[in-house]
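Just below is one structure, and these are the notes that go with it.
Numbering (this note's numbering), first residue to last: 13 to 640.
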């Protein structure tokens, strides 16, 4: 009976969202209608949220009469993983995606005053999107389907790879970033529908956009971190198609935030800003289609049902076509009347948008071209790291050089590029010196790595000098910009040095024997069987000593899960700021030795630290806007 209640509440919420979508375009500006729309949306959200809470309770209490729970949970799972099993596959993850979409709308509904002229239409647009996705959920991906008359006594268990705290947190965080951009999208579309070019929708959308960007940044970072320590291959980014469809909205969102800052200060770049707001959410929807249509094979993909893919394609296509048609219709009214002055901050941000757009197009090409080729020629091809590296490196390098020159630019003012000014000159000299020392000590000969190091150091030293000057002269400094772009420089350096310095080797070693790799002495101490509630594990113990006589004990595992019979590899990592020592254990050979993969990954922690700094810069922007 309880599952029927949860199902009914979702259907009821869908109906109320439909009414909100209809009434939001009636008698625009009427405060009473706005209040009615606001209250109806809030009730719809509470019904939907209650449905989801009930669903969580069903998972926690092992109600295997629900087909989805029976397929993706187990009585032996800890409560934490019983909850996270809800978003471990298609139906449940889609349910969570919709809940977050509705939650963003609810927060927007609560925080924004009913007198705001764009609020009702924005809420209506969000409601229409919710109706579309709830219909998709209930009609093609029903999570409330029951097993009748006899429910199994135990579930099939969650994928062992997903039984990890980081992955339990990563999808919700990423979803919050994805769907969070529905707020600026809805505000932009409401602005276009209203047709009054004097309305400042940008101010309404700014804070919500920054928060969504933070969630998206953290979500991608968590996914990268999880891939590094859980999957056993020692990498942090594989250019997997689903990784790429998460990267595209992040790139577009970063360009959108830059463009938004211009539109708030003046009418310049308003067209860019609206187009980017549509693009960010459209790319988020495109990612949803890629993951759930079954057209790609990926560790991240959820579904392979053509019916689902066709529905998503039709619905998402309708949203995008309607948005772009409305944009084209209103284009004459919203285009900028003034010219952007050369070497002003607006001009540099315009160039920045072109670079980000190029990166998005490149990633889109890499994702879609293999699909198109397979459809036309019935042959599978793949686009890997060499393609993306060949495109990203030169574009990012050129973009960083433009960023370097833009630091002293002013709003709506033409300036002479002050290359020979002290900050620019000294940061250039320091960057050249740092690159020279890096290439000398690390024996780096790759031109792309050297150039990447140069632009990374260029940004770091330029912003360090800028920060120092601001403290000495009490000069105004945008802390958001400084921290974000400093983090970009740090990220570039970390990726470049990690790619050229990190090493890997597979060794064969017996118990009570030692092997030497680089400056490490690896002693195989013992191996034992460990019994857990839902799996058995072979756990090895290695004592690692470096040439400075530091000693570490690392214990990689191979696990076999009872229910699914799946075998996983658990890494053992010694973490430090300069390098990680990374061990995985393989198979046992006929002579009794074991295959052990040893990796030394330099500066890999700084990749995630840089991403954390970027997220922190977003928080700085939110708090600074509150003060102002």
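Even for Gly, the Cβ is constructed at its ideal location relative to N, Cα and C.
Q.
Is it buried or exposed, residue 341, if we count other Cβ atoms within 10 angstroms and call 16 or more buried?
A. For the purposes of this step, residue 341 is identified with residue 329 of the chain shown, where counting begins at 1. Residue 341 is exposed by the Cβ-count criterion.
| said: I need the straight-line Cα distance from residue 117 to residue 205, nearest angstrom please. | reply: Within the chain shown, the letter at position 105 stands for residue 117. Within the chain shown, the letter at position 193 stands for residue 205. Approximately 19 Å between the Cα atoms of the pair.
#### Entry: Environment of residue 323 [buried if 16+ CB atoms lie within 10 Å]
Here residue 323 corresponds to residue number 311 of the chain shown, with the count starting at 1. Per the 10 Å Cβ criterion, buried.
* Using 10 angstroms around the beta-carbon of residue 568, count the other beta-carbons present and answer buried if the total reaches 16, otherwise exposed. => Here residue 568 is taken as the residue at index 556 of the chain shown, counted from 1. With 16 or more other Cβ atoms within 10 Å, it is buried.
Run the CB neighbour count on residue 540, radius 10 Å, all protein chains shown included, and call it buried at 16 or more, exposed below.
Numbered from its first residue, the chain shown carries residue 540 at position 528. Exposed, by the Cβ-count rule.
Point to revise | Residues near residue 582 in its chain [Cβ-Cβ closer than 7 Å; skip 5 each side] | key: On the chain shown, residue 582 is found 570 positions in, with the first residue counted as 1. Around residue 582: 568, 569 and 571.
query = Hey, residue 216 and residue 199: beta-carbon distance below 8 Å or not?
reply = Taking the first residue of the chain shown as position 1, residue 216 is located at position 204. Taking the first residue of the chain shown as position 1, residue 199 is located at position 187. Taking the C-beta atoms as reference points, residue 199 is found nearer than 8 Å to residue 216.
(request) Identify whether residue 168 lies in helix, strand or coil by the three-state DSSP scheme. (result) Here residue 168 refers to the residue found at position 156 when the chain shown is read from its first residue. Correct three-state label for residue 168: coil.
Expressed to the nearest angstrom, what Euclidean distance is found between the alpha-carbon atoms of residue 580 and residue 465?
As a working mapping, residue 580 is identified with position 568 in the chain shown. As a working mapping, residue 465 is identified with position 453 in the chain shown. Near 37 Å, if we compare the C-alpha coordinates of residue 465 and residue 580.
Considering only the beta carbon of each residue, do residue 276 and residue 214 sit closer than 8 Å?
As a position in the chain shown, residue 276 is number 264, starting the count at 1. As a position in the chain shown, residue 214 is number 202, starting the count at 1. In contact: residue 276 and residue 214 (Cβ atoms closer than 8 Å).
Per DSSP, which one or two residues make a beta bridge with residue 606? Stepping through the chain shown from its first residue, residue 606 is reached at position 594. Bridge partners of residue 606: 521 and 600.
I need the boundaries of the beta strand (DSSP E) containing residue 549, first residue and last residue. Here residue 549 refers to the residue found at position 537 of the chain shown. Element bounds for residue 549: 547–557.
For residue 180, does the count of other Cβ atoms within 10 angstroms reach 16, so buried, or fall short, so exposed?
Position 168 of the chain shown, counted from the first residue, corresponds to residue 180. A residue is called buried once 16 or more other Cβ atoms fall within 10 Å of its Cβ, and residue 180 is buried on that count.
message = When you compare the CB positions of residue 294 and residue 285, do they come within less than 8 Å of one another, or not?
response = The count along the chain shown starts at 1 and reaches residue 294 at position 282. The count along the chain shown starts at 1 and reaches residue 285 at position 273. Their beta carbons are not under 8 Å apart, which means residue 294 does not touch residue 285 by this criterion.
Fully enclosed by the stretch 170–232, which alpha helix (DSSP H) runs are 4 residues long or longer? Complete alpha helix (DSSP H) runs here, min 4: 177–192 and 194–206.
Point to revise | The beta strand (DSSP E) enclosing residue 563, as first and last residue numbers | key: What you label residue 563 is simply residue 551 of the chain shown in a count that begins at 1. Here the beta strand (DSSP E) through residue 563 covers 563–566.
Return the CA-CA distance between residue 640 and residue 218, expressed in angstroms with no decimal places.
Along the chain shown, one-based indexing puts residue 640 at 628. Along the chain shown, one-based indexing puts residue 218 at 206. Note that residue 640 scores 49 on pLDDT, short of 50, meaning its location in the model is unreliable; the coordinates nonetheless yield the value given after this. Straight-line Cα distance between these residues: approximately 14 Å.
Discussion item. Please report the distance separating the alpha-carbon of residue 605 from that of residue 520.
Written reply: Taking the chain shown and counting its residues from 1, one reaches residue 605 at position 593. Taking the chain shown and counting its residues from 1, one reaches residue 520 at position 508. C-alpha separation (whole angstroms): 6 Å.
**Which of helix, strand or coil DSSP assigns to residue 370** = Stepping through the chain shown from its first residue, residue 370 is reached at position 358. In the structure shown, residue 370 falls within a helical segment according to DSSP collapsed to helix, strand and coil.
| query | Which residue from 609, 457, 573 and 394 puts its Cα closest to that of residue 528? | reply | As a first step, residue 528 is located in the chain shown; it is residue number 516 there, counting from the start. Selected option, being the one with the closest Cα: 609.
With 16 as the cutoff for other CB atoms within 10 Å, does residue 13 come out buried or exposed? Translated into the one-based positions of the chain shown, residue 13 becomes position 1. With fewer than 16 other beta carbons inside 10 angstroms of its own, residue 13 counts as exposed.
Supposed contact pair residue 260 and residue 372 - C-beta distance, whole angstroms, cut 8 Å: Along the chain shown, one-based indexing puts residue 372 at 360. Along the chain shown, one-based indexing puts residue 260 at 248. Right, the Cβ-Cβ distance comes to about 5 Å (below 8 Å), so this counts as a contact.
>> Let me make sure I understand the geometry here. Which of 104, 195 and 379 has the alpha-carbon closest to that of residue 83?
In response: Taking the chain shown and counting its residues from 1, the one referred to as residue 83 is at position 71. Sorting 104, 195 and 379 by C-alpha distance to the C-alpha of residue 83 places 104 at the top.
- Query: Between the C-alpha atoms of residue 250 and residue 534, what's the straight-line distance to the nearest angstrom?
  - Reply: Here residue 250 refers to the residue found at position 238 when the chain shown is read from its first residue. Here residue 534 refers to the residue found at position 522 when the chain shown is read from its first residue. Each residue's alpha carbon lies about 28 Å from the other.
- [ ] Please confirm if residue 258 has its CB atom under 8 Å from at least one CB of chain E.
- [x] In the displayed structure, chain E is absent; only one protein chain is listed.
- Query: Of the choices 339, 298 and 335, whose alpha-carbon is the least far from that of residue 321?
  - Reply: On the chain shown, residue 321 is found 309 positions in, with the first residue counted as 1. The residue with the shortest Cα to Cα distance from residue 321 is 298.
Any idea what DSSP makes of residue 300, helix, strand or coil? Mapped onto the chain shown, residue 300 falls at position 288. Looking at residue 300 - three-state DSSP - the assignment turns out to be helix.
ask   = What residues in its chain sit with their C-beta under 6 Å from that of residue 379, if we drop five residues either side in the sequence?
value = Within the chain shown, residue 379 is the residue found at index 367, counting from 1. These residues qualify, in order along the chain: 253 and 256.
**Message:** By the three-class DSSP mapping on this structure, what secondary structure does residue 340 have?
**Reply:** Taking the chain shown and counting its residues from 1, the one referred to as residue 340 is at position 328. In the three-state scheme derived from DSSP, where H, G and I count as helix and E and B as strand, residue 340 is classed as helix.
query: By Cβ distance below 8 Å, which residues in the same chain neighbour residue 35 in space, the five residues on each side in sequence not counted?
result: Numbered from 1 along the chain shown, position 23 holds the residue referred to as residue 35. Only 45, 48, 49, 52 and 136 meet the Cβ criterion.
Quiz item: Under the rule that 16 or more other beta-carbon atoms within 10 Å means buried, what is residue 635, buried or exposed?
Solution: As a first step, residue 635 must be located in the chain shown, where it is residue number 623. The residue is exposed, with fewer than 16 neighbouring Cβ atoms inside 10 Å.
Just the Cα atoms here: how many angstroms apart are residue 220 and residue 54? By 1-based counting over the chain shown, the position of residue 220 is 208. By 1-based counting over the chain shown, the position of residue 54 is 42. Between the alpha carbons of residue 220 and residue 54 lies a distance of about 18 Å.
Put residue 393 into one of helix, strand or coil per three-state DSSP. Numbered from its first residue, the chain shown carries residue 393 at position 381. Looking at residue 393 - three-state DSSP - the assignment turns out to be coil, as it is neither helix nor strand.
Item to complete: Output the boundary residues of the beta strand (DSSP E) element that contains residue 585.
Response: For this step, residue 585 is matched to residue 573 along the chain shown. Looking at the DSSP string, the run of the beta strand (DSSP E) that includes residue 585 is 584–586.
Can residue 184 and residue 578 be called in contact, C-beta distance under 8 Å? For this step, residue 184 is matched to residue 172 along the chain shown. For this step, residue 578 is matched to residue 566 along the chain shown. No.
Checklist line | Coarse secondary structure for residue 87, derived from DSSP in three states | finding: Position 75 of the chain shown, counting from 1, holds the residue named residue 87. Three-state DSSP puts residue 87 in coil, outside helix and strand.
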